[in-house]
Amino acid sequence: MDNDLQHLINSDKSQTDQVLPNFLELAEIQSRLQRIDDYINQFMSSNQGKPEILYEAAYHLIKAGGKRLRSLIALLACEAVGGNIENVLPVALAAELLQTASLIHDDLIDDDERRRGVPTVHSIFGRKTALLAGDLLISQAIRLLGDYGEPDLLSHIGIGGTKMCEGEAADLYLSPERPEDYTLEEYLAITERKTVSFIEAAIRIGVAIGGGDEAKNRALRDYAKGIGVAFQIRDDILDIQSHEHTVGKTTKSDLRLGRPNYVILSALRYCNEETGQKLFKALVDEDIHQVLQIVDETAVVAVAKEDAKEHITKAKRALGEVKIFKRYLLNNMADYVIHRNV
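Each step along the sequence shown adds one to the number in the numbering used here, with nothing skipped, and position 152 is 135.
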């Protein structure tokens, strides 16, 4: 093991007991999250239809809670450029509905049984109803955006949604059975489409409604890219490390399905040829125990954490290039992304 890698491992261990304030529990964030939840609950109460089971399925995950990060990002971006958060709430809600629809469909694809600490939509209501529930949420989001009367907002969300679908599809077809494509570089390209694109869309709608100029729009989009990649890396670390009671989603589903994971791809990059061949075989055979053993031996979780920190540093640096309001909240959100346990 080289000295640089050993340094990262030691550094990671030294920070294990560091306690950071919970970003989501800050009073300023709590008040904004409460406003988002109130708006969402009002929408669900006033938007019911027949058959009732369809709406029950569509709103199931929303009622289960969640971090509301996409909605929150839109609000913070709007505030950062001097806008009023009340103006962005309808569009932030549309982003939340689209995000929830993507989760319903993602759980269908992966056949996961739990999400946000509750049974997934398809495990309760069946696969056909779950598919329609996701479609309903997409339709509601389009109506909200149309009612707002700003074509650019539809474009921002549409572009983000398109890239997210492309990323999800590319992620499905990235397989250890095709080693030449199963690389960290390809996975990062997928992450920019699958994860970053929708965070960037939330940022763009917040900036647009807040009246931000092009310089602020560019800086906040760079911020979105940094926290988006870091968010995915942290998710992949949790898929390796976490247990179901801390994540709220069936753990290690990505490993079972042979889906790519930043930590595993890092192990392939840093290990020797013999170990790499063993890891590829374990992935193809879905030998989770062997995969996790090699990940542990190569100590790449520490490397992944350091990579995530680098992306957060870039995100914060982007914010420093323009004058914005409440910069500290966006910086705190960036720190939360890489220290969260859910």
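Glycine included, every Cβ here is placed at the ideal spot set by N, Cα and C.
Checklist line | Three-pair Cβ contact test at 8 Å for the stretch 168 to 187 versus the stretch 33 to 50 | finding: Under the Cβ criterion (8 Å, minimum of three pairs), the stretch 168 to 187 does not count as touching the stretch 33 to 50.
Checklist line | Distance CB(ALA113)-CB(VAL101) smaller than 8 Å | finding: Translated into the one-based positions of the sequence shown, residue 113 becomes position 130. Translated into the one-based positions of the sequence shown, residue 101 becomes position 118. Contact annotation: ALA113 and VAL101 have beta-carbon atoms that are not nearer than 8 Å.
Next item on the list: Identify every residue that forms a DSSP beta bridge with VAL101.
Entry: As a first step, residue 101 must be located in the sequence shown, where it is residue number 118. In DSSP, VAL101 forms a bridge with ARG98.
Margin query: So for PHE263, helix, strand or coil by DSSP?
Written below: Locating residue 263 in the sequence shown gives position 280, counting from the first residue. It is helical.
Next item on the list: Please classify SER29: is it buried, with 16 or more other beta-carbons within 10 angstroms of its beta-carbon, or exposed?
Entry: As a working note, residue 29 is residue 46 in the sequence shown. The residue is exposed, with fewer than 16 neighbouring Cβ atoms inside 10 Å.
Notebook entry, point to check: So, are the CB atoms of GLY117 and ALA84 less than 8 Å apart?
Noted result: Within the sequence shown, the letter at position 134 stands for residue 117. Within the sequence shown, the letter at position 101 stands for residue 84. Yes. Within cutoff.
Notebook entry, point to check: Do the stretch 206 to 219 and the stretch 296 to 316 touch if we need at least three Cβ pairs shorter than 8 Å?
Noted result: Yes, the stretch 206 to 219 touches the stretch 296 to 316.
Checklist line | Range of the contiguous alpha helix (DSSP H) that encloses TYR22 | finding: Here residue 22 corresponds to residue number 39 of the sequence shown, with the count starting at 1. 10 to 29 is the extent of the alpha helix (DSSP H) around TYR22.
Checklist line | Close beta carbons around ILE70, own chain, < 6 Å, minus the five adjacent residues each side | finding: Locating residue 70 in the sequence shown gives position 87, counting from the first residue. Correcting the residue identity first, residue 70 is Asn in this sequence and not Ile. Result list for ASN70: ILE192, in chain order.
Next item on the list: Quick one: grab the DSSP three-state call for GLU113.
Entry: Along the sequence shown, read from residue 1 onward, the residue named residue 113 stands at position 130. Checking the displayed sequence, the identity of residue 113 turns out to be Ala instead of Glu. If DSSP states are grouped into helix, strand and coil, ALA113 belongs with the helices.
Notebook entry, point to check: Which residues in the same chain have their Cβ closer than 8 Å to the Cβ of ILE277, if we skip the five residues on either side of it in sequence?
Noted result: What you label residue 277 is simply residue 294 of the sequence shown in a count that begins at 1. Closer than 8 Å at Cβ, skipping near neighbours: ALA250, CYS254, THR258, LYS261, LEU262 and ALA265.
Notebook entry, point to check: What are the uninterrupted segments assigned as alpha helix (DSSP H) that are 4 or more residues long and contained completely in the stretch 257 to 316, given in chain order?
Noted result: If we require 4 residues or more, the alpha helix (DSSP H) runs fully inside the stretch 257 to 316 come out as 271 to 281 and 283 to 302.
Check: Do SER54 and LEU341 come within 8 Å of each other at the CB atom, strictly closer than that value?
Finding: Residue numbering for the chain in the displayed model covers -16 to 325; residue 341 lies beyond these limits and cannot be assessed.
Next item on the list: Quick one: grab the DSSP three-state call for LYS50.
Entry: Reading the sequence shown from its first residue, position 67 is the one you call residue 50. The DSSP-derived three-state label of LYS50 is coil.
Checklist line | Between the CA atoms of ILE247 and ALA129 - distance to the nearest angstrom | finding: Counting from 1 along the sequence shown, the entry for residue 129 is found at position 146. Counting from 1 along the sequence shown, the entry for residue 247 is found at position 264. The residue you asked about is not Ala; residue 129 is Gly in the sequence shown. Taking the straight line joining both Cα atoms gives about 42 Å.
Next item on the list: Provide the residue span of the alpha helix (DSSP H) that contains VAL246, from first to last.
Entry: As a position in the sequence shown, residue 246 is number 263, starting the count at 1. Annotation: the continuous alpha helix (DSSP H) that includes VAL246 extends over 245 to 253.
Notebook entry, point to check: So, helix, strand or coil for THR83, using DSSP?
Noted result: Here residue 83 corresponds to residue number 100 of the sequence shown, with the count starting at 1. Secondary structure of THR83 (DSSP, three-state): helix.
Check: Out of ASP318, ILE121, VAL64 and ASN244, which has the shortest C-alpha to C-alpha gap to SER158?
Finding: Position 175 of the sequence shown, counting from 1, holds the residue named residue 158. It is ASN244.
Item checked: Given ILE220 as reference, the closest of ALA291, ALA184 and GLY194 once Cα atoms are compared -> Working through the sequence shown from its first residue, we reach residue 220 at position 237. Checked all of ALA291, ALA184 and GLY194; the closest Cα to ILE220 is ALA291.
Notebook entry, point to check: Going by other Cβ atoms of all chains shown within 10 Å of its Cβ, with 16 needed for buried, is ASP196 buried or exposed?
Noted result: The residue given as residue 196 occupies position 213 in the sequence shown. Exposed, since its Cβ has fewer than 16 Cβ neighbours within 10 Å.
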